[in-house]
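Letter 45 of the sequence shown, counting from 1, is numbered 45 in the numbering used here, and no numbers are missing.
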Amino acid sequence: MEQKRPGSGATAPGQAVQTVYETRFLAYLSRFLLTFDPAANAWWFRQGLSDSWEQDLSYLSSSEAGGTSSIRQREEATAALFAEFTESVEVGLADYFVGPY
């Protein structure tokens with residue numbers, strides 16, 4: 001599959017953004033933003049997670065943890081939230097380089 005350069009009209013109408021940016025790059029960029037961008041980090045914190053994008057394990061010692069099922073639910077919710085953030089980063093990149101303008 002041919003990779004197109006961002007900024008050169010990289011996506012055609014109806015073309016998936018995923019063909020432009022690798023999933024690994026999007027995950028890396030998302031982690032970078034959550035670590036170093038104050039606005040992204042504040043958003044993550046407002047979602048009820050720790051002040052770092054990295055998995056917060058402090059709940060493991062909490063008496064309200066309720067066993068492994070609640071730990072698994074929290075991990076799944078955190079992963080879903082990270083996936084949502086990564087998708088918004090992907091859309092932002094597409095808008096920036098090919099944009100609606």
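Even for Gly, the Cβ is constructed at its ideal location relative to N, Cα and C.
Contact check, residue i vs residue j, beta carbons under 9 Å
i	j	result
leucine 49	threonine 68	no
glutamate 44	leucine 34	Here residue 44 is tryptophan; the residue named in the question, glutamate, does not match the sequence. The answer is yes: Cβ separation under 9 Å.
leucine 93	tyrosine 21	yes
Residue i in three-state terms, based on DSSP
i	result
aspartate 37	coil
serine 69	helix
glycine 7	Caution is warranted here: a pLDDT of 48 is assigned to glycine 7, below 50, making its placement in the model unreliable, and no coordinate value can be reported.
valine 20	coil
valine 98	coil
serine 88	helix
Whole-angstrom distance between residue j and residue i, CA atom to CA atom
i	j	result
glutamate 76	alanine 83	10 Å
arginine 24	threonine 86	10 Å
glutamine 47	phenylalanine 97	28 Å
valine 91	alanine 39	17 Å
aspartate 95	serine 88	10 Å
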